[in-house]
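Report on the following structure.
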Amino acid sequence: MKLVRFGPRGEERPGVLMEKDSKILDVRAMAFDIEDFNGHFFTHWGIQRIQALLKEPSLKTVPADGVRLGPPVARPGKIVCLGKNYADHAAEFDAEIPSSPILFSKAPTSLVGPFDPIVLPRGANIVDGEVELAVVIGKTACRVSESDALQFIAGYTVLNDVTDREAQKEGKQWFRAKSADTFCPLGPYLVTPDEIRDPQNLRLCSKVNGSTLQDNNTANMIFKIAHLISFISATMTLEPGDLMSTGTPGGIGSAHKPAVVFRPGDIVETAIEGVGAQRARVERT
Ligand code: ZN
């Protein structure tokens, strides 16, 4: 299944993309108590309830064309991100391969929909993006083993880890550089795990104005998804609806020669095989 959230910003409704018919199932119109794709939804058999809804004889739908999509999950409690989780990106960043996962965070307020504009903050002149496979946690994960870890995933989606490189270099901490409003395009869908045969073998790429910058495969992660969930949950509880992003491969725009950084009017595209594609226009405040 491909879960989407559709409607104006801040008023998104939960839906299911019905690709063949170019329609979206209006989940809340069919089940009033399903308010959103949030922690409550994932812990209260939400996925199973939606599977049952889809079998009902009359479905309430809206046309998919022209509808704005928001991030495919409600605002998470936390967004845990990975620094330097692909060797070629570590090489272009500072040449040090990490011996254990490097965690950082993005503010949940940085989330936007997959086709919403990326807005450059005033004074930010070296901003680029990072295509990443993100997972949404489906049940409380506290000290889980690597062998059990994948059972805690509600689904997969595309995350663009937009970054202000000047702020990243200035600060000892990356939080500000990673957390400007609109610096976390997410979606277009949350793809349930049954549709992803092997999350560690997915092609992922990014483009600016049609030119490819990143083109790699999730097989090349240094620390794999199961290890990451086990590692993170050994310290902090991952809650249903939380987001974990798995890091970006080499080829980020600012590492190109000459550097490719976002300018107003640029078209930024990110895509992951079987997970979805985003397209955003860059604007300035
Ligand atoms: Zn990143």
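Here this note's numbering = 1-based position in the sequence shown + 24. Glycine residues also receive a C-beta, built at the ideal position from the N, C-alpha and C atoms.
If you measure from the CB of residue 265, is any heavy atom of the ligand ZN nearer than 7 Å? For residue 265, the shortest separation between its Cβ and any heavy atom of the ligand ZN does not lie below 7 Å.
Residue list, Cβ distance to the ligand ZN heavy atoms smaller than 6 Å: Every residue with a CB closer than 6 Å to a heavy atom of the ligand ZN is listed here in chain order: 105, 154, 156, 185, 271, 272.
Just the Cα atoms here: how many angstroms apart are residue 30 and residue 55? 16 Å
Own chain, CB closer than 7 Å to residue 117, minus 5 neighbours either side, in chain order: 108
Assign residue 293 to one of three DSSP states: helix, strand, or coil. Looking at residue 293 - three-state DSSP - the assignment turns out to be strand.
C-beta contact flag for residue 238 and residue 177 at 8 Å: No. Outside cutoff.
Using DSSP's beta-bridge definition, name the partner residues of residue 245. Under DSSP, the beta-bridge partners assigned to residue 245 are 110.
Measure the alpha-carbon distance for residue 71 versus residue 194 and round it to whole angstroms. 43 Å
Do the segment 292-304 and the segment 222-237 touch if we need at least three Cβ pairs shorter than 8 Å? yes
Out of 180, 174, 122, 90, point me to the one whose CA is closest to residue 140's CA. 90
Using the three-state DSSP reduction, which class does residue 217 fall into: helix, strand or coil? helix
Candidates 208, 34, 74: closest to residue 48 by CA position: 74
How far does the beta strand (DSSP E) with residue 302 in it reach, from first residue to last? 300-308 is the span of the beta strand (DSSP E), which, as asked, contains residue 302.
Can you give the beta carbon distance from residue 106 to residue 257, rounded, assuming they're within the 8 Å contact cut? The pair is not a contact, with the Cβ atoms about 14 Å apart (cut-off 8 Å).
Where in the segment 132-186 do unbroken runs of the beta strand (DSSP E), each at least 3 residues long, occur, reported from the N-terminal end onward? Runs of the beta strand (DSSP E) inside the segment 132-186: 142-144, 155-161, 177-184.
In the DSSP assignment, the beta strand (DSSP E) including residue 49 goes from what residue to what residue? 47-50
Member of 87, 263, 85, 99 whose CA lies at the smallest distance from the CA of residue 211: 99
With 8 Å as the threshold, decide whether the Cβ of residue 282 is near any Cβ in chain C. Note that chain C does not occur in the displayed structure, where there is just one protein chain.
Quickly, what does DSSP pair residue 71 with across the bridge? List them, please. DSSP output for residue 71 lists no bridge partner at all.
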